[in-house]
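Encoded as structure tokens, the structure appears first; notes follow it.
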Amino acid sequence: MRVLLVGSGGREHALATALAADPSVTSLVCAPGNPGMAAMAQVVPVDVTDADAVADLAVGVGADFVVIGPEQPLVAGAADAVRARGIPCFGPSRAAAELEGSKAFAKAIMDAAGVPTARSRVCTDAAQTAAALDEFGAPYVVKDDGLAAGKGVVVTSDRQAALDHAAECDRVVVEEYLSGPEASLFVVTDGTAALPLLPAQDFKRVGEGDTGPNTGGMGAYAPLSWAPADLVDEVMASVVHPTLAAMRDRGTPFAGLLYVGLAITPDGPKVIEFNCRFGDPETQVVLALLETPLAGLLGAAATGTLAEHPPLEWHGGSAVTVVVAAENYPGTPRKGDVITGVDGLPGIIHAGTARREDGALVSAGGRVLCCTATGADLAAAREAAYALVDRVELAGSHYRRDIALTAVRGEIAVSL
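The sequence shown begins at 69 in the working numbering and counts up one residue at a time.
Encoded structure:
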């Protein structure tokens with residue numbers, strides 16, 4: 069099977085690694101890819117936000133199956149365009165991808181489906197925002213309604229900072245704050261049948277101790293030893309299946325990867341957000357533990373045969389990934405700095421890298437590398453991941469030193 073994978077980040081490098089390891093995949097093409105993906109696949113250029121260009125490329129490379137990684141091409145309708153050419157594609161339709169494309173739309177679906185989530189208000193001007201902030205109180209949660217690369221959410225006790233963030237957005241969703249540890253659950257679905265992957269936890273703030281602004285994610289680990297034993301079953305019953313039913317009922321079935329962002333509150337799990345694609349960097353740790361061949365799993369979802377897929381199999385142990393970010397991230401990152409110490413090193417996932425004309429590996433984004441490792445337990449995986457971080461040489465780079473630390477110490481408490 070010839071597979072086309074669309075995307076160029078750390079998530080896509082992790083997907084490419086798993087797809088390349090699937091015996092059913094005879095050829096892998098990545099577009100536009102990155103230097104890490106180029107080591108295992110043919111890399112070709114494409115504008116991922118141009119749905120027709122993605123579909124044309126799928127036809128041009130003779131793809132038997134297409135996997136779309138990032139949210140931008142999905143919201144732009146790339147999966148629809150590929151399927152219109154008669155090629156199976158893993159990724160939701162443009163209409164279904166609105167679950168991520170619009171926070172307000174996602175809230176409306178949750179309301180229709182009876183999904184447990186935070187109380188919220190959709191606001192389009194300063195007066196509405198101020199009223200909603202006063203209604204819910206601090207900490208204030210303000211979310212840009214549209215796509216924002218994981219950086220459109222502000223959680224703050226500073227009312228003026230919340231108002232300022234809202235003023236920068238066309239439309240926002242203001243929510244009550246949900247207390248409790250957070251978790252990410254990926255669910256592969258064909259629109260009706262659904263298979264959950266391992267829950268993971270990511271670290272969104274740039275600074276240690278969850279300080280500083282939000283980022284796309286500074287690290288992650290899986291599985292979650294502290295999570296309630298019935299967490300996945302409860303989320304599938306109270307969130308996933310009702311949401312899929314609501315999407316079917318409105319004529320926009322969701323087939324692809326449903327990312328459920330959760331807060332494990334004293335009242336049980338509640339949804340913080342939906343995304344329409346694999347999370348980054350959680351994908352790096354979840355796929356590191358997945359033993360089931362990935363192409364077959366995603367292909368079953370894309371062809372409506374997921375109910376016939378055998379149960380998923382997992383490697384034992386744990387996985388940890390630590391993001392090495394460029395100077396100034398999550399502001400305007402410095403680019404073009406030479407990276408050394410990582411070529412050919414297992415566990416190095418490229419997220420924002422490029423090859424200079426002279427062959428040097430250089431930084432090309434805010435999140436540059438993900439240092440990913442597995443271990444017999446979380447402590448061992450964490451130690452191995454940070455050993456990889458120590459090998460990275462990139463001027464001005466920074467990373468969090470506390471990824472998975474509270475979990476290793478047993479300091480995460482769930483009050484139910």
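Ideal Cβ placement from N, Cα and C applies to all residues, glycine included.
According to the DSSP assignment, aspartate 212 belongs to the beta strand (DSSP E) that extends over 208-212.
The beta carbon of leucine 473 lies closer than 8 Å to those of Arg450 in the same chain, with the five residues before and after it left out. A Cβ-Cβ distance of about 7 Å is found for the pair leucine 72 and leucine 125, placing them in contact under the 8 Å criterion. Residue environment: aspartate 458 is assigned as exposed (fewer than 16 neighbouring CB atoms within 10 Å of its CB, all protein chains considered). Classified as buried, valine 122 has 16 or more neighbouring CB atoms from the shown chains inside 10 Å of its CB.
With respect to aspartate 470, glutamate 276 sits close: the two C-beta atoms are nearer than 7 Å. Of the candidates Gly399, Val392, Gly205 and Pro414, the residue whose Cα lies closest to the Cα of serine 225 is Gly205. By the Cβ-count criterion, glutamate 139 is buried, with 16 or more other Cβ atoms from all chains shown falling within 10 Å of its own Cβ.
Straight-line spacing of the CA atoms in leucine 357 and alanine 194 works out to 46 Å. No Cβ-Cβ contact shorter than 7 Å links alanine 198 with arginine 189. Here tryptophan 382 really is in contact with leucine 266; their C-beta atoms are around 7 Å apart, less than 8 Å. Of the residues assessed, glutamate 376 falls on the exposed side of the cut-off, its CB having fewer than 16 other CB atoms within 10 angstroms.
In the three-state reduction of the DSSP assignment, glutamate 341 falls in the strand class, which pools E and B. By a beta-carbon distance limit of 8 Å, leucine 437 contacts valine 392. Their separation comes to about 4 Å.
Around aspartate 445, the same chain offers Gly385 and Ser386 as residues with beta carbons nearer than 7 Å, after the five sequence neighbours per side are excluded. Taking a C-beta distance under 7 Å as the contact criterion, cysteine 344 and glutamate 168 qualify as a contact pair. Here arginine 227 carries a helix assignment [DSSP, helix/strand/coil]. Here cysteine 237 is not bridged, per DSSP, to any residue. Bounds of the alpha helix (DSSP H) holding phenylalanine 173 are 171-181.
Boundaries of the beta strand (DSSP E) around proline 281: 279-282. The Cβ neighbour count for alanine 463, taken over all protein chains shown within 10 Å, is under 16; the residue is labelled exposed.
Fully contained in the region 406-476 are the following alpha helix (DSSP H) runs of length 4 or more, in chain order: 446-457 and 473-476.
The Cβ atoms of glycine 415 and alanine 441 lie closer than 7 Å to each other. Between tyrosine 289 and valine 388 the beta-carbon gap is near 5 Å, inside 8 Å, which marks them as a contact. For leucine 125, the enclosing alpha helix (DSSP H) begins and ends at 119-128. The region 427-434 makes contact with the region 395-404, as at least three CB pairs between them are under 8 Å.
Residue pairing for serine 386: DSSP places it in a beta bridge opposite Gly443.
A distance below 6 Å between beta-carbons, with the five flanking residues on each side excluded, links alanine 119 to the following residues of its chain, in chain order: Ala144, Gly145, Ala146 and Ala149. About 15 Å separates the beta carbons of valine 241 and lysine 338, which is beyond the 8 Å limit, so they are not a contact pair.
Taking C-beta separations shorter than 6 Å and ignoring five residues to either side along the sequence, the partners of proline 361 in its chain run Asp90, following chain order. In this structure glutamate 425 is exposed. Its beta-carbon is surrounded by fewer than 16 other beta-carbon atoms within 10 angstroms. Threonine 257 is classed as buried because its beta carbon has at least 16 other beta carbons within 10 Å across all chains shown.
Annotated as proximal: arginine 153 and valine 127, with beta-carbon spacing under 7 Å. For arginine 189, the enclosing beta strand (DSSP E) stretches over residues 188-191. Rounded to the nearest whole angstrom, the C-alpha separation of alanine 164 and phenylalanine 173 is 10 Å.
Take alanine 186, set aside five residues on each side of it, and the residues of its chain with a beta-carbon closer than 6 Å to its own are Glu243, Glu244 and Leu246, in chain order.
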